[in-house]
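Asks: Using this note's numbering, you'd call the opening residue of the sequence shown number 1180 and step up by one each time. Just so you know, even glycine gets a beta-carbon here, dropped at the ideal spot from N, CA and C. This one's a predicted model, so the numbers in the text were calculated from it and none came from an experiment.
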Amino acid sequence: MATILSERCEAVSTPAWSYRTAKPVISFDQARELTAEYGSPLMCVSRSAVAANYEALREGLPGVELFYAAKSNPSPTILRTLRDLGGSIDICSVGELRAALDAGFQPEQMLHTHPCKTMANLKTCYDAGCRWFVVDNRNELQKMKEHAPDATLLLRVAITSASSLINLSAKFGCAASEAVDLLCEARDLGMNVNGISFHVGSQTLVPEDYEAALRTIRSIFDEAAACGISLDVLDIGGGMPAPYREAVMSLDVYCYVVRQALEQHFGDLPVRIIAEPGRVMSATTATLITSVIGKSVRPNGSTQYIIDDGIYGSFSGKIYDHTDFPLLAEDHHARAGYPCVVAGPTCDSTDVVCRDQELPDLAIGELLIVPTMGSYTNASASTFNGLDLVREVEVA
Ligand SMILES: Cc1ncc(COP(=O)(O)O)c(C=O)c1O
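#1: Identify every residue that forms a DSSP beta bridge with Gly-1265.
#2: Under 6 angstroms from any heavy atom of ligand 1, does the C-beta of Pro-1253 make it?
#3: Quick one: any contact between the stretch 1501-1521 and the stretch 1437-1451, if contact means 3 or more CB pairs under 8 angstroms?
#4: Once you ignore the five residues that flank Val-1273 on each side, which residues in its own chain have a CB closer than 8 angstroms to its CB?
#5: Roughly how many whole angstroms lie between the Cα atoms of Ala-1515 and Ser-1475?
#6: Can you give me the start and stop residues for the alpha helix (DSSP H) that Cys-1596 sits inside?
#7: If distances are taken between C-alpha atoms only, which option among Glu-1234, Ile-1268, Val-1549 and Val-1224 comes closest to Gly-1416?
#8: Would you mind sorting Arg-1199 into buried or exposed? The rule is 16 or more other CB atoms within 10 Å of its CB.
#9: Taking 6 angstroms as the line, does the beta carbon of Glu-1455 fall inside it for any heavy atom of ligand 1?
#10: Whole angstroms is fine: what's the gap from Leu-1568's alpha carbon to Leu-1344's?
#11: Which residues does DSSP list as the beta-bridge partners of Ala-1248?
#12: Thinking just about the alpha-carbon of each residue, which of Asp-1500, Gly-1239 and Gly-1283 is nearest to the one in Gln-1439?
#13: Return yes when the C-beta of Arg-1458 is under 6 angstroms from any heavy atom of ligand 1, and no when it is not.
#14: Heavy atom of ligand 1 less than 6 angstroms from the Cβ of Thr-1292, yes or no?
#15: Hey, could you find the ends of the alpha helix (DSSP H) Asn-1371 is sitting in?
#16: Mapping the DSSP letters down to three states, classify Cys-1533 as helix, strand or coil.
#17: Going by CA-CA distance only, name the one from Leu-1361, Arg-1335, Ser-1559 and Gln-1382 that's closest to Ile-1408.
#18: In three-state terms, what does DSSP make of Glu-1186?
#19: For ligand 1, I want to know if Ser-1340 counts as a neighbour, meaning its beta carbon is within less than 6 angstroms of at least one of the ligand's heavy atoms.
#20: In three-state DSSP terms, what is Arg-1335?
#21: Take the Cβ of Lys-1250 as the centre, count every other Cβ of all protein chains shown within 10 Å, and call the residue buried at 16 or more, exposed below.
#22: Just the Cα atoms here: how many angstroms apart are Arg-1394 and Gln-1443?
#23: Please list the segments of the alpha helix (DSSP H) lying wholly inside the stretch 1507-1560, counting only runs of 4 or more residues, in order along the chain.
#24: Kindly indicate which three-state DSSP category Cys-1434 falls into: helix, strand or coil?
#25: Note down, in chain order, each residue of its chain lying with its Cβ closer than 8 angstroms to the Cβ of Arg-1570, except the 5 sequence neighbours on either side.
#26: For Asn-1557 and Ala-1404, what's the separation of their Cα atoms in angstroms?
#27: For ligand 1, is there any heavy atom lying closer than 6 angstroms to the beta carbon of Ser-1495?
#28: For ligand 1, any of its heavy atoms closer than 6 angstroms to the Cβ of Ser-1348?
#29: Let me know the secondary structure DSSP gives Leu-1393 once reduced to three states.
#30: Closer than 6 angstroms: is that where the CB of Ala-1278 sits relative to any heavy atom of ligand 1?
#31: Quick check on Asp-1367: buried or exposed, where buried means 16 or more other Cβ atoms within 10 Å of its Cβ?
#32: Answer yes if the stretch 1229-1249 comes into contact with the stretch 1450-1460, meaning at least three C-beta pairs across the two stretches below 8 angstroms, and no otherwise.
#33: Taking the alpha carbon of Pro-1241 as the reference point, which residue from Asp-1500, Ser-1495, Leu-1547 and Tyr-1435 has its own alpha carbon closest?
#34: Give the DSSP bridge partners of Asp-1414, in chain order.
#35: Could you pull out every residue in the same chain whose Cβ sits closer than 6 angstroms to the Cβ of Asp-1500, ignoring the five residues on either side in sequence?
#36: In terms of alpha-carbon separation, which member of Asp-1535, Val-1572 and Ser-1493 lies closest to Phe-1563?
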């Protein structure tokens, strides 16, 4: 199915094969059938898309163990599919622990990546059998020493990234200059820190950002070795991008650049390399179906559509994740497009999904489908205004 994105892609000079565009996992015929059965709005999660993304990443980054970042979308369809394929999981909370256990993951397949855990979170995950955790400061080291003395730890280091939409080092990660001191303190406490984790940021558009990060992290490995501390694990975090209204680089080209950087900086070290991919694994696996429930011309002359999902629901990523989702109408390109405002169903004026996408003249009851809704969407939705969270359905 054509999307507005494929047109933009053709306009750029780089060959189209080196880009990924947003594609729905269902057709409009399927959308009609599904909403007749389950109602609207409806989040459709595709099992085969999850498997395809997992295999593509495994192929792109051979030898890198994939710990799916459950926070991007803890959907049972996604978790069960990845568990069946032999993936591992990154959890941050008791809720994500339960989702992972329900999907069949064993505690040994989990990495707990929250650098500042509540006692309830730490104790529950520890009691469930988790033994691999992330820290980024000395107080957390002390906490782990007291409550999880036999845990294995990764030290998270803050990294600056030029091309990411979201800076994942703004809140967490020790300074690179502090890392070896913390490793020495951990050793003195008798804690086992077996590696370093970092995050280039989320929706990192340029894979060369990994090269700069890996150079910094390699210097920490070398300094630590000079202090007699041997590190065995390199965790390259998450960050790979997904296509939304804009296309992104194809995964094979992106991974090629990351592989080269890994080879350049860690090719001579016998390290276990892991990653915590979220968005790149989940974003393209889900398509939202939403219906037009209202249409009016506002006093300023603009046409406004109200749809049955909004920024307090599945479009929450527009606020928290700074993403702009492409809205597709049936036969989109065959119909004339007009400027309009598309707003969500709550009584709040902030609940505006987009102001700058042209849509055909839509009828009340007409369905829109929204691809790339699988990351940081319903995972961060609320029930504000007494509205239900979107229903999720598994599709092939
Ligand atoms: C600790 C950690 N790991 C992995 C991820 C996943 O990042 P992404 O979805 O960009 O791959 C995040 C995102 O917030 C994170 O905080």
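Replies: For this structure:
#1: For this step, residue 1265 is matched to residue 86 along the sequence shown. Its beta-bridge partners do not exist; DSSP assigns none.
#2: Taking the first residue of the sequence shown as position 1, residue 1253 is located at position 74. No, ligand 1 has no heavy atom inside 6 angstroms of this Cβ.
#3: no
#4: Locating residue 1273 in the sequence shown gives position 94, where the first residue counts as 1. The residues are Ala-1299, Asn-1300, Thr-1303 and Cys-1304.
#5: Position 336 of the sequence shown, counted from the first residue, corresponds to residue 1515. Position 296 of the sequence shown, counted from the first residue, corresponds to residue 1475. Roughly 18 angstroms separates the two Cα atoms.
#6: The shown model of the chain, from 1180 to 1575, leaves out residue 1596, and the question about it has no answer.
#7: Here residue 1416 refers to the residue found at position 237 when the sequence shown is read from its first residue. Here the closest residue by C-alpha is Ile-1268.
#8: Your numbering for residue 1199 matches position 20 in the sequence shown. Per the 10 Å Cβ criterion, buried.
#9: Locating residue 1455 in the sequence shown gives position 276, counting from the first residue. The answer is yes for Glu-1455.
#10: Residue mapping note: residue 1568 aligns to position 389 of the sequence shown, counting from 1. Residue mapping note: residue 1344 aligns to position 165 of the sequence shown, counting from 1. So the alpha carbons of these two residues sit roughly 26 angstroms apart.
#11: Here residue 1248 refers to the residue found at position 69 of the sequence shown. Answer is Asp-1269, bridged to Ala-1248.
#12: Position 260 of the sequence shown holds residue 1439. Residue Gly-1239 is the option with its Cα nearest to Gln-1439.
#13: In the sequence shown, counting from the first residue as 1, residue 1458 sits at position 279. Yes, the beta carbon of Arg-1458 sits closer than 6 angstroms to at least one heavy atom of ligand 1.
#14: By one-based count along the sequence shown, residue 1292 stands at place 113. Flag set: Cβ of Thr-1292 near ligand 1.
#15: Taking the first residue of the sequence shown as position 1, residue 1371 is located at position 192. Unbroken run through Asn-1371 is the beta strand (DSSP E), 1371-1377; no alpha helix (DSSP H).
#16: Translated into the one-based positions of the sequence shown, residue 1533 becomes position 354. In the structure shown, Cys-1533 sits in a strand (DSSP, three-state: E or B).
#17: Counting from one through the sequence shown, the residue named residue 1408 turns up at place 229. Ranking Leu-1361, Arg-1335, Ser-1559 and Gln-1382 by Cα distance to Ile-1408 puts Leu-1361 first.
#18: Here residue 1186 refers to the residue found at position 7 when the sequence shown is read from its first residue. Caution is warranted here: a pLDDT of 35 is assigned to Glu-1186, below 50, making its placement in the model unreliable, and the coordinate value is therefore given only provisionally. It is helical.
#19: Residue numbering aside, residue 1340 sits at position 161 when the sequence shown is read from its first letter. No, ligand 1 has no heavy atom inside 6 angstroms of this Cβ.
#20: Start at 1 with the first residue of the sequence shown, and residue 1335 comes out as number 156. The answer is strand: DSSP assigns Arg-1335 an E or B state.
#21: For the purposes of this step, residue 1250 is taken as the residue at position 71 of the sequence shown. It counts as buried.
#22: As a working note, residue 1394 is residue 215 in the sequence shown. As a working note, residue 1443 is residue 264 in the sequence shown. Taking the straight line joining both Cα atoms gives about 9 angstroms.
#23: none
#24: Mapped onto the sequence shown, residue 1434 falls at position 255. Cys-1434: helix per DSSP, three-state reduction.
#25: The count along the sequence shown starts at 1 and reaches residue 1570 at position 391. For Arg-1570, where only same-chain residues beyond five positions count, the Cβ hits under 8 angstroms are Tyr-1217, Gly-1218, Pro-1220, Leu-1221 and Met-1222.
#26: Start at 1 with the first residue of the sequence shown, and residue 1557 comes out as number 378. Start at 1 with the first residue of the sequence shown, and residue 1404 comes out as number 225. Asn-1557 and Ala-1404: Cα-Cα distance of roughly 44 angstroms.
#27: Within the sequence shown, numbered from 1, the residue matching residue 1495 stands at position 316. Not so, every heavy atom of ligand 1 lies at least 6 angstroms from the Cβ.
#28: Here the question's residue 1348 lines up with position 169 in the sequence shown. No, ligand 1 has no heavy atom inside 6 angstroms of this Cβ.
#29: Here residue 1393 refers to the residue found at position 214 when the sequence shown is read from its first residue. Residue state, collapsed to three classes: helix.
#30: Walking along the sequence shown from the start, residue 1278 turns up at place 99. No, Cβ of Ala-1278 sits at least 6 angstroms from all heavy atoms of ligand 1.
#31: Translated into positions along the sequence shown, residue 1367 becomes position 188. By the neighbour-count rule (16 or more Cβ atoms within 10 Å), Asp-1367 is not buried but exposed.
#32: yes
#33: Here residue 1241 is taken as the residue at index 62 of the sequence shown, counted from 1. Nearest option by C-alpha distance: Tyr-1435.
#34: As a working note, residue 1414 is residue 235 in the sequence shown. Partner(s): Ser-1376 and Ile-1453.
#35: One-based indexing of the sequence shown puts residue 1500 at position 321. Hits under 6 angstroms: Tyr-1555.
#36: Within the sequence shown, numbered from 1, the residue matching residue 1563 stands at position 384. Out of Asp-1535, Val-1572 and Ser-1493, Ser-1493 has the C-alpha closest to the C-alpha of Phe-1563.
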